[in-house]
Amino acid sequence: MNTQQPLATLDVILCNQRQADGTQLKKPANGRVYVGTHGIETEAGHQEHFDDPECAIMNYALEHYDFWRSHYPAQAELFKTPGIFGENFATRGITEHTICIGDTFSIGTAQLQISWGRVACNTMAGRLNDPNAPELMHQQSRNGWFYRVLQPGEVQAGNTITLVERSHADWPLSRVQNIIFSPNASASDLDALSKLDLLAAIWKNEAKARLDSM
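Take a look at the structure:
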């Protein structure tokens, strides 16, 4: 399906910045940000580079922050501003339930495509001081997603996120995640994922490996 439909806004762009003590801290980026096939670079020269182009940009929905504030009231300060989930883009208007694998978006002068979902790990368990946090993120489909960059370009906070093309309307990310994170996924679902052309290879291969082990 080809379309030109504004769906969301890019509220905040975040990039790791080196601190005086040598640590990296995710902070909002001011001005224009260059989006390339392996990550981002800010006007101030801060960069994030990812070897795998399927993970070039990580997006997290601001809609989820209210849930986390209510779920972890004693740690509400953690969710005061974006960044706790390691996101590069903090957006409003799209979630794991409303985007589909392979969705192509126009943001600024760049074009990005949904490749796969973020897998929450022990890093999030540590940040939230809860060993069950990653599993909760997966069960709730509140773990975020990755883009591959089809057309490098410049973006900035406030840009509209426009849906350009939707090739797999029957594969919202939440459905894919439910299969990937379920130990009881059916053979038919795993087979379908292993053949989903615009899904990142890492999840296609995982689906195939699980299918072959049945």
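Residues in the sequence shown are numbered from 1334 upward in steps of one, following the working numbering. Think of the CB as a built atom: it goes at the ideal place given N, C-alpha and C, for glycine as much as any other residue.
Local conformation of residue i per DSSP, three classes
i     : result
P1505 : strand
N1462 : coil
Q1408 : helix
L1531 : coil
N1421 : coil
D1344 : strand
P1386 : helix
Q1444 : strand
Alpha carbon of residue i to alpha carbon of residue j, nearest angstrom
i     : j     : result
I1432 : G1459 : 28 Å
I1373 : I1440 : 14 Å
N1421 : Q1489 : 12 Å
A1379 : Q1350 : Note on identity: in this sequence residue 1379 is His, with Ala being the wrong assignment. Taking the straight line from one Cα to the other gives about 6 Å.
E1396 : K1360 : 19 Å
W1504 : L1529 : 9 Å
A1407 : Q1337 : 42 Å
G1555 : L1343 : Past the boundaries of the shown model lies residue 1555; the chain is included only from 1334 to 1547, so the question cannot be answered.
N1511 : D1522 : 10 Å
E1410 : A1362 : 21 Å
H1471 : I1434 : 17 Å
N1517 : L1544 : 11 Å
G1486 : A1394 : 22 Å
A1502 : D1436 : 9 Å
A1540 : T1495 : 30 Å
A1341 : T1493 : 6 Å
V1497 : F1438 : 5 Å
S1474 : C1348 : 24 Å
G1369 : A1453 : 24 Å
R1451 : I1535 : 11 Å
Classification of residue i by the beta-carbon crowding that lies within 10 angstroms, buried from 16 upward
i     : result
E1468 : exposed
N1455 : exposed
G1364 : exposed
Q1446 : buried
A1533 : buried
A1339 : Before going on, a small fix: residue 1339 reads as Pro here, not Ala. When all chains shown are included, P1339 counts as exposed.
S1519 : exposed
A1542 : exposed
F1479 : buried
D1399 : exposed
E1381 : buried
T1375 : buried
According to DSSP, residues forming a beta bridge with residue i
i     : result
W1478 : N1392, G1450
G1486 : V1368
T1495 : P1339, S1439
M1373 : Sequence check: residue 1373 is Ile here, not Met. In the DSSP output, where bridge partners are listed per residue, I1373 has V1368, E1381.
R1351 : Q1357
Beta-carbon gap between residue i and residue j smaller than 8 Å
i     : j     : result
G1477 : M1391 : yes
S1500 : E1429 : no
F1412 : R1402 : yes
V1482 : A1443 : yes
P1415 : V1345 : yes
A1353 : H1371 : no
Y1405 : L1461 : yes
L1531 : V1509 : no
Min CB distance residue i to chain B below 8 Å
i     : result
L1526 : Included in the structure is just one protein chain, with no chain B present.
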